[in-house]
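Read through the structure below, which is laid out as structure tokens, and then see the notes.
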Amino acid sequence: CWQFITLAGFHGNALIIDTFAKDFASRGMLAYVEKIQREERNNGVDTLAHQKWSGANYYDRVLRTVQGGITSTAAMGKRVTEEQFQESWTRPGTTNMGDGGVVIAKARM
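Letter 69 of the sequence shown, counting from 1, is numbered 69 in full-length UniProt numbering, and no numbers are missing.
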């Protein structure tokens with residue numbers, strides 16, 4: 001059973017990487033948004049919020065504790081992708097520009 005699961009994981013990764021690379025070559029970031037991010041969100045995949053999933057908050061707390069509460073090398077904060085694109089997760093296809101402006105991505109047909 002272990003060998004089967006390892007083999008399935010290997011081929012599953014190869015399939016998605018190959019098909020995504022071809023789609024990305026022709027459609028660019030739209031392929032990433034449609035085929036990866038939206039599918040992660042629709043299927044409740046934890047890695048959509050990759051910084052939270054990786055434990056970055058935990059390591060930032062450890063770093064702040066060791067350095068007395070001040071650090072310039074924290075992984076989390078207002079400049080991370082999860083913060084920058086938070087609006088697009090709640091409203092598909094939009095990005096909050098931080099100045100009140102919103103960019104709306106439109107698919108090419």
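Glycine included, C-beta positions come from ideal geometry on N, C-alpha and C.
Between the C-alpha atoms of Met29 and Glu40 there is a straight-line separation of about 15 Å. Counted as a single uninterrupted DSSP element, the alpha helix (DSSP H) harbouring Val66 occupies residues Ala56 to Val66. Asn43: not part of any alpha helix (DSSP H); DSSP gives it neither H nor E. Secondary structure at Gly12: helix, using DSSP grouped into helix, strand and coil. Annotated as distal: Phe10 and Ile36, with beta-carbon spacing of 8 Å or more.
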